Amino acid sequence: MIDGPRLAPLSGSAPNALVILIHGYGSNGDDLISLAAMIQPVLPDAAFVAPNAPSMIPRMAAAHQWWPIETFSMAERAAGAAAAAPGLDAFITQELEAAGLASDRLLLVGFSQGTMMALHVGLRRPDPVAGIVGISGMLVAPDRLEADIRSRPPVLLIHGTDDGVVPFRSMDLAATALTANGVAVDTHVSPGVGHSVGQDGLAAAAAFAKRVIG
C-alpha cells in the first residue's frame with residue numbers, strides 16, 4: 012500500500028486542491044514533502060501528500076524506488092514505469108476521492124524518477140489533472156505517447172544545466188515529444204544547478220501552481 016507524509020492546508024480550511032509530490036530513486040516522501048513550503052503560500056487551501064514508492068532499495072536506509080535501476084536503459088525505464096504506474100494511479104484516484112476533489116484540482120510534482128512517474132501516469136489518466144511539474148527528469152517511452160495519451164494537462168519542466176544524473180538535454184527531448192502530442196509545455200532552465208532543484212526552480216513551480224490551480 013502506498014502512503015506517505017501529509018500536510019493539511021495552510022489556511023486551516025478544508026482542502027480545495029491537492030498536490031501530490033513524487034520522489035525520485037533512493038529518496039522518500041519525507042524528503043520531497045519539504046518542497047511544499049514553497050507552494051503552500053500560493054495555494055493556502057491545498058493539501059499535500061508525498062507518497063513513498065512501494066519498493067525499497069536493498070541495504071539502503073529509507074531509500075525507496077518506483078522501479079529498480081540496473082542497466083539505465085530506455086527499455087528498463089519503460090518497463091519499470093509501466094509496472095509501477097497502476098499503483099500510483101490508484102493512489103491518485105483514492106486521494107482525490109477521499110478529499111472530494113475533481114482531477115482538475117490536482118497538481119502532480121515529480122523529481123527525477125518521480126518526474127518520469129508523474130508524466131507517465133498523469134498523461135494516461137482520462138480526466139486531466141490541473142498540471143504536472145517535472146523536475147530533473149525525463150519522459151519515459153516517448154514513442155508510446157501518441158498511442159497511450161488520454162489527457163493533455165499543462166506541463167512545466169525544470170532542469171539544471173549541470174545535472175550529472177539525468178542529462179540536461181532530457182528536458183528539451185521531453186518538451187519536443189510532449190508538444191508534438193498536443194501538450195502545452197513550459198520549460199525553466201536553472202543555470203549551474205545539478206541534480207537538484209534551485210530556488211529559481213521552486214519559484215517557477217510555485218508560479219505555475221498558482222496559474223493552473225489558483
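Positions in the sequence shown are counted from 1; adding 11 to them yields my numbering. All C-beta atoms in this analysis are idealised placements derived from N, C-alpha and C, irrespective of residue type, glycine included. Treat the numbers as computed from the prediction; the structure is a model and nothing was measured.
By the beta-carbon neighbour count (other beta carbons within 10 angstroms, threshold 16), residue 184 is exposed.
Following the DSSP letters along the chain, one finds residue 181 inside the alpha helix (DSSP H) bounded by residues 180–191. Assignment of residue 91 by DSSP, reduced to helix, strand and coil, places it in the helix class. It is roughly 8 Å from the alpha-carbon of residue 146 to the alpha-carbon of residue 207.
For the segment 93–175, the continuous beta strand (DSSP E) assignments of 3+ residues that do not extend past its boundaries occur at 117–122, 142–146, 166–171, in sequence order.
Under the DSSP assignment, residue 219 falls in the alpha helix (DSSP H) whose first and last residues are 210–224. With fewer than 16 other Cβ atoms inside 10 Å of its own Cβ, residue 159 counts as exposed. Counting only the Cα atoms, residue 170 lies some 28 Å from residue 20.
Taken through DSSP and simplified to helix, strand or coil, residue 33 comes out as strand.
Apart from the 5 residues on each side of it in sequence, residue 77 sits with its Cβ closer than 6 Å to the Cβ of 64, 95, 124, 128 in its chain, given in chain order. Burial is judged here by how many other beta carbons sit within 10 angstroms of a residue's own beta carbon; residue 91 has at least 16 and is buried. In this chain, residue 56 is not harboured by any beta strand (DSSP E), its DSSP state being neither H nor E.
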